[in-house]
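Okay, so here's the structure we're looking at.
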Amino acid sequence: MTVWTLVWWVLALGAVATFALVGLRLWRSGKALFAELSAAGRAFEDLSRSIDAAVAAQQAAQTGIRPTLFDDPAEHRARLLTLRLEREDRKARRKASHRATYERWDEFNR
């Protein structure tokens, strides 16, 4: 047996060992990935249940806002005004938040 034969045997065994280690790491990573996906699926299922319950509660608590023939129009106008003011308040808070974010970005990029 020549020295080159020994070198090639060592290289081949090293390659096999490397492939085995890479395969083992890949197997363990795959198992960990599937375990995390399973946990995420359970969390998503719990979240879906809680969202369904919240939607059902919201629909049960929701009152009709459509006027009927015998309702007082002033009440509906007041409710509409309240909703519009709330919407404007949310819009102003959103603009302030966006403005603050853009200012932070500008300071970061200077």
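The sequence shown: position 99 = 99 (the numbering used here), numbered continuously. The beta-carbon is built from N, C-alpha and C at its ideal position, and this holds for glycine as well. Quick caveat: nothing in here was measured; it's all calculated off a predicted structure.
Under the three-state DSSP convention, the category residue i falls into
i	result
R84	helix
L21	helix
T63	coil
R110	coil
T2	coil
F70	coil
Residue-chain proximity (residue i, chain C), Cβ-Cβ < 8 Å
i	result
T2	Among the chains in the structure shown there is no chain C, since it carries only a single protein chain.
Nonlocal neighbours in the same chain, by C-beta distance under 7 Å from residue i, ignoring five residues either side
i	result
L24	none
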